[in-house]
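Have a look at the structure below, then the notes.
2 protein chains.
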Amino acid sequence: MARPLSEEKRAAILRAATELVATVGTSAATSQIAKRAGIADGTLFTYFPTKDDLLNQLYLSIKSALAEAIMTDYPSRAGVFERTRHCWDRLVNWGAEHPTQHKAMRQLSVSDRISRNTRDAVNLAFQDINTMIRDNLSRDAADDESAAFVGALITAMSDVTLDCIAAHPEKIDLYRESGFQVFWNGVRP
Amino acid sequence: MARPLSEEKRAAILRAATELVATVGTSAATSQIAKRAGIADGTLFTYFPTKDDLLNQLYLSIKSALAEAIMTDYPSRAGVFERTRHCWDRLVNWGAEHPTQHKAMRQLSVSDRISRNTRDAVNLAFQDINTMIRDNLSRDAADDESAAFVGALITAMSDVTLDCIAAHPEKIDLYRESGFQVFWNGVRP
DNA sequence: ATTAAATGAGTGAGCAATCAATCGAAAGGA
DNA sequence: TCCTTTCGATTGATTGCTCACTCATTTAAT
């Protein structure tokens with residue numbers, strides 16, 4: 001081995017891509033990403049062979065960070081309400097604390113550049129959460145489609161909640177609470 | 001006047017743009033749109049001076065069609081439940097009947113190419129619906145922010161519902177119903 | 001000394017928008 | 001009814017630009 005790849009540079013590329021995708025969407029130019037990461041245009045492609053690879057890995061890394069934030073200290077033995085509440089609060093708090101990642105994530109999730117493979121890998125990272133939904137919140141337990149419906153609802157409703165928090169940051173407690181009330185009243189078993 | 005502009009061609013451009021924006025997003029090339037509309041590349045720009053103008057007018061026309069679909073036969077004198085139910089059913093039915101328009105609408109609504117002006121014009125088309133929300137479903141009547149929260153929730157929840165219907169078209173009645181249940185249980189006064 | 005990372009000018013493809021040339025619908029005159 | 005003039009609609013090649021990606025060369029870690 002001559003020179004090893006730098007984990008630091010890889011992270012800088014992902015960080016720069018997050019910021020640019022959050023602000024200008026997936027049309028962010030690779031040359032802009034490279035400039036912001038402090039590397040030459042060509043170097044980006046030794047870390048990510050294509051722009052699509054970069055976007056897919058970025059999406060996976062953000063989603064994984066979110067899943068970890070949610071599942072840390074997850075109260076496995078508590079009741080359905082507490083566990084649902086835990087997930088909701090963690091989700092909304094993460095979004096409020098990482099607005100750039102959240103915005104980038106939303107841009108990427110509607111993009112057709114994210115592959116089936118990546119979406120499958122993301123689902124794997126959210127497996128525990130999906131299981132919780134299937135077992136507890138799905139109207140018909142063991143019904144995959146119903147669980148997917150509830151899972152999509154959490155994402156959609158937390159996005160709306162986070163948009164409102166972004167518009168009025170001082171009201172985070174109010175929106176986190178009323179968002180949860182709407183969700184819980186809507187889907188509780 | 002020499003030759004008048006053709007309303008037919010204008011409609012063909014909007015139709016072609018709807019289909020392409022629905023499938024490939026706002027990055028759809030104007031030359032592709034022109035080809036699909038059956039006109040020369042340059043002709044598109046005599047009907048819409050820029051691509052942004054085209055996208056903005058497209059967004060407004062789709063949203064207006066949706067508003068009209070919702071407000072036709074609106075039961076002004078019925079109770080809150082009936083009126084909310086009416087809007088929900090119309091919204092979901094319209095989306096299920098016009099999947100291409102709905103997909104294009106979603107692409108456009110997250111695009112930064114839609115101007116403040118256009119969004120204001122869209123709000124105007126939805127004025128009656130917004131008023132209904134403010135007066136009936138907002139937790140604190142006369143609270144604009146709370147009404148915006150509920151309005152965004154309807155859109156987000158109907159999008160999720162329509163995604164599920166698109167995946168399982170035979171279950172439209174089931175999803176329309178359970179989507180409404182979640183919404184109504186969540187936000188009812 | 002070796003070898004792969006790093007560089008940045010270069011390449012070719014694709015894009016929105018332009019424009020000189022052509023076409024054809026309307027209005028007026030016979 | 002037919003012909004002519006008018007003038008904007010229509011055309012598609014062209015323009016200038018941006019982009020993802022390449023590659024010959026340089027640099028530096030082992």
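Which chain is which? The protein sequence lines are X and C, in order.
FYI, in the UniProt record's numbering the residues of the first sequence are 1 to 189.
FYI, in the UniProt record's numbering the residues of the second sequence are 1 to 189.
Note that beta-carbon positions come from the ideal geometry of N, C-alpha and C, so glycine has one too.
Just so we're clear, the structure is a prediction, and the values are computed from it rather than from any experiment.
- The Cβ of Leu153 (chain X) sits closer than 8 Å to at least one Cβ of chain C.
- Non-local beta-carbon contacts of Thr118 (chain X) in its own chain, meaning distances under 7 Å to residues more than five positions away in sequence, involve Asn56, Tyr59 and Leu60 in chain order.
- Taking 8 Å as the cut-off, the beta carbon of Ser158 (chain C) is found closer than this to the beta carbon of Val92 (chain C).
- Rounded to the nearest whole angstrom, the C-alpha separation of Ala125 (chain C) and Ala11 (chain C) is 20 Å.
- Rounded to the nearest angstrom, the gap between the Cα atoms of Phe149 (chain C) and Arg106 (chain C) is 18 Å.
- Residues of the same chain with a CB within less than 6 Å of the CB of Phe45 (chain X), apart from the 5 flanking positions on each side, do not exist.
- Within the same chain, and ignoring the five residues on either side of Ala104 (chain X) in sequence, the residues whose Cβ sits closer than 6 Å to its Cβ are Thr18, Val21 and Ala22.
- Per DSSP, the unbroken alpha helix (DSSP H) holding His102 (chain C) starts and ends at Pro99 to Ser109.
- Leu5 (chain X) is classed as exposed because its beta carbon has fewer than 16 other beta carbons within 10 Å across all chains shown.
- At a cut-off of 8 Å between beta-carbon atoms, Ser109 (chain C) makes no contact with chain X.
- Annotation: the continuous alpha helix (DSSP H) that includes Lys9 (chain C) extends over Glu7 to Val24.
- A Cβ-Cβ separation of about 7 Å places Phe183 (chain X) in contact with Gly186 (chain C) under the 8 Å criterion.
- Closer than 8 Å to the CB of His86 (chain C) there is not a single CB belonging to chain X.
- When DSSP assignments are scanned along the segment 117-175 of chain X, the uninterrupted stretches of alpha helix (DSSP H) that are 4 or more residues long and fall wholly within it turn out to be 127-136 and 144-167.
- DSSP places Ile70 (chain C) inside the alpha helix (DSSP H), whose first and last residues are Lys51 to Met71.
- Taking 8 Å as the cut-off between beta carbons, none of the residues of the segment 92-104 of chain X comes near chain C.
- When the beta-carbon positions are compared, His102 (chain C) and Gly95 (chain C) come within less than 8 Å of each other.
- By the neighbour-count criterion, in which a residue is buried when 16 or more other Cβ atoms sit within 10 angstroms of its Cβ, Val110 (chain X) is exposed.
- Counting along the chain, Arg36 (chain C) sits inside the alpha helix (DSSP H) bounded by residues Thr30 to Ala37.
- The shortest C-alpha to C-alpha distance from Ala16 (chain C) to any of C:Arg3, C:Ser31 and C:Ala37 is the one to C:Ala37.
- Note on geometry: alpha-carbon atoms of Thr131 (chain X) and Asp173 (chain C) lie some 26 Å from one another.
- Within the model, the alpha-carbon separation for Thr43 (chain C) versus Ala34 (chain C) is close to 8 Å.
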